[in-house]
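Scroll down for the structure; my scribbles are underneath it.
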Amino acid sequence: MSDNQEPTTTRKKEKGRSVVLTTISGSVTQPATSESTPEGQDAAVLTILVESGKYRGSQIKLIGLDPRIQILMNYSPGQHIAATGSLDANGDQYQLTVYSIRLEE
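Reminder that position 85 of the sequence shown reads as 103 in this note's numbering, one-by-one numbering, no gaps.
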């Protein structure tokens, strides 16, 4: 890993469309909750406070679908997490649909 904390973006093909993947990191502010997506899928939702890069200071909801639900449910407030996924913005509300997760020390 480099010391560059700017979000990294990569493109991923999904069902014929290009998805931009963004990596964000920060600290967990609320325990994960179990919710359903508008499509009816089970998901874990974890809120983090982004600590560096373009979204610094933003609260971003991490949305984890199977098989990431259990991983997100294990995080507790104060832990640091980095997640890569597709970021959606709705006004000043951000949510990241998680593709990969790692615990940061």
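Note that beta-carbon positions come from the ideal geometry of N, C-alpha and C, so glycine has one too. None of the values given here were measured: they were computed from a predicted structure.
Alpha-carbon to alpha-carbon, residue j and residue i
{"i": "S36", "j": "Q97", "result": "32 angstroms"}
{"i": "S54", "j": "V38", "result": "23 angstroms"}
{"i": "L121", "j": "I66", "result": "13 angstroms"}
{"i": "A101", "j": "P95", "result": "16 angstroms"}
{"i": "I119", "j": "S45", "result": "13 angstroms"}
Test item: CB-CB of residue i and residue j under 8 angstroms
{"i": "G103", "j": "L90", "result": "no"}
{"i": "A50", "j": "Y93", "result": "yes"}
{"i": "I99", "j": "V68", "result": "no"}
{"i": "L83", "j": "Q48", "result": "no"}
{"i": "I87", "j": "A62", "result": "yes"}
Residue i burial status per 10 Å Cβ neighbour count (16 or more: buried)
{"i": "R74", "result": "exposed"}
Cβ-based neighbour list, residue i, same chain, cut-off 7 angstroms, excluding 5 preceding and 5 following
{"i": "I78", "result": "I42, I66, V68, Y112, Q113, L114"}
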